[in-house]
Each structure stands twice: as structure tokens, then as C-alpha cells.
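Let me begin by presenting the structure, written as C-alpha cells, before commenting on it.
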Amino acid sequence: MTRMRLHRLPFAAMLLLPAAALAQTEVDTVRTHLPLGGAAPAIRSEAELRNFLDDLEVQEFALGEAAALEWYYQWKGERYHQAGPVYRLIAELQTRRDYARVIERWQGRVEDSVLARRLEIHAKDFLGAKADVALTLARADLQTAIQDTFRHFRYTVAGQEVTQTVLAELVDTSADRELRRSAFEARLQITVRTSEPIRQAMTLTDRLARQGGFADGAERELIRASLTPAQVIRDLAQFERATRPAYLAMLDEVRRDLQVEQVEPWDLGYWFRLQEAEVADAYPQSEGVPRLRELMRELGFAVDSLPITVTIWDVPTGGIAFPIRPAYEARLLSNPFTGSRFYQVLFHEYGHTLNLVHLRPDQPLIFLQTDETPMGEGLAETIGHFAYDRHWLERAAGLDPEQAVALERLGKLQQLLWLRRTIGLNAWAEIHAYQDRRADLDSLYRAAHLRFLALELPPGDHAATRDFFGTSPLYFQSYLYANMIAAQLREAMRAELGVEDLSHEPRVAGWLIEHFYAPGASVPWPVKIRRATGRELDASALARYLATAPVMPVGPSQ
């Protein structure tokens, strides 16, 4: 479901020299280097600025690799990882005010377009330098602790201790409605340990933003993704209104099919599993990875030589990918779910790793951090949508056309539900919590749940079950834009390549690599979309994509 975004976190220094520095000629003997923890040098020219950024970026890059490894083992559940100490080092570098002053002084004043883009990215990465360093470090420590809590906590349901993944499977698959309710409510058990830390982390995020001259925490965090609070609120509201008729119609179907007087939150996932099972057993877990690899071959990727490690592992989210060494190695952890959810998450995370290992390695290191979150998640969703593509299902699962169409429509409807239940709900509650810090978070969350799901929640602090509120502020909305991006990219590929069935088109890999993967962060993500698709990002493609789901009307418009 998510991928570690190293470049959105601060970095610390390592005493290494960039490749460009190692290639200096004998004539260039006066070139100085930024030492570990050293003061920013006086910079009088673009050449000196370029040298400074080369040194800064290799220090960031080296520590970024260390962070990726430590986060990988943290997410695997190892208790003796060094994610916290590395995160602190990262924070210390990105709060260096002398470095930030150099970046600010030169931004908008250079003629070299590549240098200008590097400064643009660094300006966002060094936003923390405008605030209290102690607060930044305190938040880093708190976020590490929150993540560890979610990773190691075990829930008790029906007398057994289970992980968050097992809990979710019980909610989605158990025919016993009372057990589903118990499993759903068991999620609240963790809140005795997370309620206060999550709220503290949100308070620190807001304080850091206000110290930096922003209106609130939402404004500062969203600028890192080239978004604004007003834009996100508008797009969430439009999506909610446009998809409401289809969602309410689905609730009526759930009520009728399950023969219940009142649909509850723990009924929705179970209904989808029943619908899938009625069509076909098309998603055996044991075939997930082999089918993924075969699909990648059909798309034109050299899958057998790609340096990607796929591990099925119980993690406290859908899945996560790690840039172990951008351009050369990536790893992913994907949850052992069942049904179509297993395939969708696995394909999504593999989409992240495809991006990471196809970066052009000869770029300035800052460009190897890949795109900001909407585009990064959008490229992952572009692959993730193949999990319920009817053409692929016919071949991979041996279904007849009618079965494949039925599962594709269910997949799209399930995606609509996910965008309302997980993405819209949480993004709406979170952004409004930052805009009114006096508001009660639980009340905001309940109001958002009623708005997006039209269902009441049982008593409890449900907001404190969302680790992202503390560890990854203002991330949820990325997935709404990601699905807009995925739908628009897939439409553009079909038009440019002249095919309807992308799942069997070997030119897909080349198209994605050329337009999106290889350039990394060298091109702003909205520009990438405009160049590749011929227009700015809008919601029309997503509307057409979701319109083929059962009872789905034409969706959101911009």
C-alpha cells in the first residue's frame, strides 16, 4: 500500500565523495569538499554551487541507503534495528540552516536548468531548517516509536493473539458476523499505546510548520507533494459527491445480499469476498508471484534480471517497498492477504520497485529519489490496476470472458470503496484536524466516517488506529491522485500504442521507463504527465475507469 519515501525525510552526512569529484583532472586541484558536519562554504558561482550540491547529495545518498536498510529490518519486525538513530542523523542534516541559506540564496538565480531543478528539490527537503531543531528531532524519535508500536503489537480476539493482518482477514472473510464485529473492534486495543503519541506527533508537525511560516501542518506537508490544502479539500469533496450514488447503491446491495437490517463497517469487506467467490476462485495466493512475473514479461520488463527481491511478509500495512540502492536494487514486503487484495497489493508494490530499479543512474543523486508521492503512488497503481484487468484474468486464471468482466467490475467497485473508506475518510479528517487544532480528532474522524461511508462507528478512539497520522503526515490523499494518474496513463498508453489489451503489450515497459521511471525526480511530476499524456492531470480518466463498475455513474470532474 505504501512505499518508504526517503527523500521526504531529512538526511545526514557521510565522508564520501561523488563520482564527479573522483573524476577531477589534475588541473582542478583547488576544488574543495564539504566535510562531514562542515560549515557551508562561500559560494560565488554556479560552478561552486554545483560542487556544494554534489557533496551534499552524496552525503544524503549514503545515509539514505543506510536508512533504507534499517527501515527494511524495522518493518520486518527486527527489534535491534537502527532506524531511530539513522532518522535522527537525517533530521540533523536537513535542519542545517547554513546549508538552507545557500539553497535559498541561489534558488531562482541560476541559468543551468538542471541546477535549478536540484535547488527546487532541496528547498523542499530543507523546510525543517526554518524551525526548532529540537522539535524536529523529537518528532523523529516519536515517529520511530509509533512505527515500532504498530509493528510489534498483537491483538486479542476470540482468545487468540493475532497480528493486524490476521485481524483484517477475519473482518473480511469470517462468515460469523459476531466474530467480524469483535475483530473490527479489537483494532482499538492498540489505542491505549498510540492515542497520545499520534496526537503529539501531529502537534509537533503543526508547530514545526508554523515556526517555518506556514499556516498549519497541512500546508507544509502538502507543499512537499506540490499540492495545497484547498486543492485537496476540493478534490476530495468532488470525488465524494460524484461516487456517492454508486456507493449508496452498493450499500443497498450489501444489505439485501447479507439479509441484515443495518449494514455495519465489518460487513463491507466480507460482502466483496462473497461476490468474488460466486464468480470464480481466481486469486490463489500460491500463484500470485509467478503470475506477477509472467505479467511483467508480457509487459516487456526483463523480469529475470531485475534486482528486485519480493518477500511475502506480515507487515502492519498493505505492503511497502524499499530503495535499497536506487537504480540498482529494491526490495518489497507484501502482506499475505487472501483473494484479490493479495494480488492488488503485490502488484502495486512491485510497481514501486520497477520504478526504483529503472532510474537512470548517471543523473545527479538528488534525482534518484524518484517522484513526489502522488506520482510515485500513481506509477505503482498503474501496475496495481492489472490485478483485476479482464484481459489478464482470462489468460492468467483461465476464466471465460464473462467471469473476467465480472471480476474486473468487482475490482473497480472495490477500488471505489477503498478510495472512500481508507483514502477519502482519513485524508478528510486529517487535513481538517490541522486546519482547526482545537477540534477533537475523534469527532472529526467520526464525522468523516459518516460522510464517506454513511455508517456509524462503535465507541472508541478510531483515529488512533491510523499510524500514518503520526508517522506519515498528509500522505493519504496521495492515493486519490495516484488513481487519477494511473487511469490517465493507462488511457494514454492504449491510445499511443494502439491497443486495447495493455496486459499483453511488450511496449508498456519502454513507455513507462522513458516517460516516467528513468528521469526520476529530474522532471516535476505534473510536467511528466503533461508531456506523456498531452494534458494536465484531471479526474476524467478515473471517472471513465470507474464508470464500468456495477451501478457506477460518471465520476468526478475537475
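Here the numbering used here is used: the first residue of the sequence shown is 2, the next is one more, and so on. We put the CB at the ideal spot given by N, CA and C, even for glycine.
- If you draw a straight line from the Cα of Q364 to the Cα of Y88, it comes to about 25 Å.
- Annotation: P365 is outside any alpha helix (DSSP H) and is labelled neither H nor E by DSSP.
- For F302, there is no enclosing alpha helix (DSSP H), as DSSP marks it with neither H nor E.
- Cβ contact annotation for A117 (same chain, cutoff 6 Å, sequence separation greater than five): V111, in chain order.
- With a cutoff of 8 Å on beta-carbon distance, I424 and L475 are scored as not near each other.
- With a contact defined as Cβ atoms closer than 8 Å, L426 and F387 miss out at about 26 Å.
- In the DSSP assignment, V167 falls within the unbroken alpha helix (DSSP H) covering Q165 to T174.
- When the alpha-carbon of T374 is set against those of A176, L94, Y546 and I224, the nearest one is in I224.
- A direct Cα-to-Cα measurement between A226 and E262 gives close to 43 Å.
- Scanning its chain for C-beta atoms nearer than 8 Å, with the 5 sequence neighbours on each side dropped, one finds around R51 the residues D113 and L116, in chain order.
- Short of 7 Å from the beta carbon of A407, and not among the five residues preceding or following it, lie these beta carbons of its own chain, in chain order: V280.
- Distance check between F127 and each of L209, Y74, A69 and V163 places L209 closest, using alpha-carbon atoms only.
- Exclusion of the five residues before and after L490 leaves T383 as the residues of its chain whose Cβ lies within less than 6 Å of its Cβ.
- Taking C-beta atoms as the reference points, L293 and L347 count as a pair closer than 8 Å.
- Separation of the CB atoms of I147 and H123 is rounded to 27 Å, and the pair is thereby denied contact status at 8 Å.
- As the crow flies, the alpha-carbon of Q239 is around 10 Å from that of V233.
- When the five nearest sequence neighbours on each side are left out, the beta carbons in the same chain lying within less than 6 Å of the beta carbon of I367 are those of E58, R119 and I122, in order along the chain.
- In the DSSP assignment, F323 is bridged to R332.
- By DSSP's assignment, T229 forms no beta bridge with any residue.
- In this structure G461 does not touch A202 by the C-beta definition: roughly 20 Å separates them, more than the 8 Å allowed.
- Distance from the Cα of L334 is smallest, within the candidate group T96, Y546 and P324, for P324.
- Partner residues in the beta bridge of T157, as assigned by DSSP, are E162.
- Segment contact: the segment 88-99 against the segment 61-69, three or more CB-CB distances shorter than 8 Å; contact assigned.
- DSSP, reduced to helix, strand and coil, places V264 outside both helices and strands of the structure shown, so it counts as coil.
- Look at the segment 55-120 and you find these whole runs of alpha helix (DSSP H), each 4 residues long or longer: 84-95 and 98-107.
- Of the residues assessed, D437 falls on the exposed side of the cut-off, its CB having fewer than 16 other CB atoms within 10 angstroms.
- For T310, the enclosing beta strand (DSSP E) starts and ends at I309 to I313.
- With a contact defined as Cβ atoms closer than 8 Å, R182 and W267 qualify at about 5 Å.
- In this structure, the straight-line span from the alpha carbon of A328 to that of L360 is close to 5 Å.
- Only buried fits P317, as 16 or more other CB atoms lie within 10 angstroms of its CB.
- Within the same chain, Cβ atoms closer than 6 Å to the Cβ of N484 are found at E382 and L543, the five residues on either side in sequence being excluded.
- Shortest Cα-Cα distance from F343 to any of L400, Y284, E330 and P308 involves Y284.
- Around the Cβ of T312, a 10 Å sphere holds fewer than 16 other Cβ atoms; the residue is exposed.
- L252 and A41 have their C-alpha atoms some 60 Å from each other.
- Here I44 carries a coil assignment [DSSP, helix/strand/coil].
- DSSP, reduced to helix, strand and coil, places G352 within a helical segment of the structure shown.
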